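For reference, the structure discussed in these notes is given below.
Numbering (the numbering used here), first residue to last: 771 to 1024.
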């Protein structure tokens, strides 16, 4: 895949000929790590049209970069970053000197550390992983997902994909949830009773914002979902912890 030509800009303060400035632009991108080995540069025609220079100027700049082993030419495929190109130096990132902010006075309220989870690199090899939010590839319906992706990216449903449903959720998605997903769980709901959220944490946060304040009380299990405990703590509501037994939370203890 070719790098987008829109990511290349000539430095107006740079000195030298146009050819030298184009060479410097590409070389700096490689040295900064923005352009990586194996990536294809825009064609000389596209680069010339984007920068407003002649095509021969770009071609000569590319040729010099090939000679310096920054780029390599692959037949009719174009120019690619060479595997032998200089690597970005391991310099520490420099922070701009824009003054010091007293964050203890700037932040309006205090927050708990939040959800912390230690996930080892080889977690997928564990027999019992106990890690939420991960997809089991043996259960994932790849075929239907691929069909949905092809349909969504096709021009036939382009307007549905790109429409701004500012006053509601995607009607096709809501209809599917109402007729297919919820009935399987014994839930019957009208479209105006369905709200699509960006995951469980977003749903819990919205619920806490709507229902709770400092005068109201919320009950949670012990142990509970850590993210929920964080959300309720930040809502500053009164919190009651209900221990669970082997069957879960005893309703009578509420």
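Just so you know, even glycine gets a beta-carbon here, dropped at the ideal spot from N, CA and C.
Since the structure is predicted, the reported quantities are computational estimates derived from the model, not experimental observations.
Annotation: residue 918 to residue 949 spans about 18 Å, alpha carbon to alpha carbon. Taking a cut-off of 8 Å for Cβ pairs, the region 978-985 and the region 957-965 do not touch, as fewer than three such pairs fall below it.
Counting C-beta pairs with one atom in each stretch, the region 815-822 and the region 844-853 have fewer than three that are closer than 8 Å, which means they do not touch.
Going by beta carbons, residue 1014 and residue 990 fall outside the 8 Å limit. Inter-residue distance for residue 783 and residue 875 is about 40 Å (C-alpha atoms, whole angstroms). Linking residue 838 to residue 923 through their CA atoms gives a straight-line distance of about 42 Å. Taking residue 835 as reference, the option from 822, 805, 797 with the minimal CA-CA separation is 797. In the structure shown, residue 871 falls within a coil segment according to DSSP collapsed to helix, strand and coil. By alpha-carbon distance to residue 997, the top candidate from 1016, 984, 975 is 975. DSSP, reduced to helix, strand and coil, places residue 997 within a helical segment of the structure shown. It is roughly 20 Å from the alpha-carbon of residue 929 to the alpha-carbon of residue 966. Annotated three-state conformation of residue 848 is strand, per DSSP. Non-local beta-carbon contacts of residue 984 in its own chain, meaning distances under 7 Å to residues more than five positions away in sequence, involve 1006, 1007 in chain order. DSSP places residue 1018 within a strand segment (E or B) once states are collapsed to three. Apart from sequence neighbours up to five positions away, the residues of its chain that approach residue 973 with a beta-carbon distance below 6 Å are 967, ordered along the chain. Straight-line spacing of the CA atoms in residue 790 and residue 859 works out to 22 Å. Counting along the chain, residue 980 sits inside the alpha helix (DSSP H) bounded by residues 970-981.
Looking at 964, 932, 938, 934, the one whose alpha-carbon comes closest to that of residue 947 is 964. Restricting attention to beta strand (DSSP E) runs no shorter than 3 residues, the region 908-935 encloses none. Assignment of beta-bridge partners to residue 990 by DSSP yields 1011. DSSP, read as helix, strand or coil, puts residue 1005 in helix. Under the DSSP assignment, residue 793 falls in the alpha helix (DSSP H) whose first and last residues are 788-801. 8 Å or more divides the Cβ of residue 821 from the Cβ of residue 832. Excluding residues up to 5 positions away in sequence, 899, 901 lie with their Cβ nearer than 6 Å to the Cβ of residue 893 in the same chain. With a contact defined as Cβ atoms closer than 8 Å, residue 805 and residue 773 qualify at about 7 Å.
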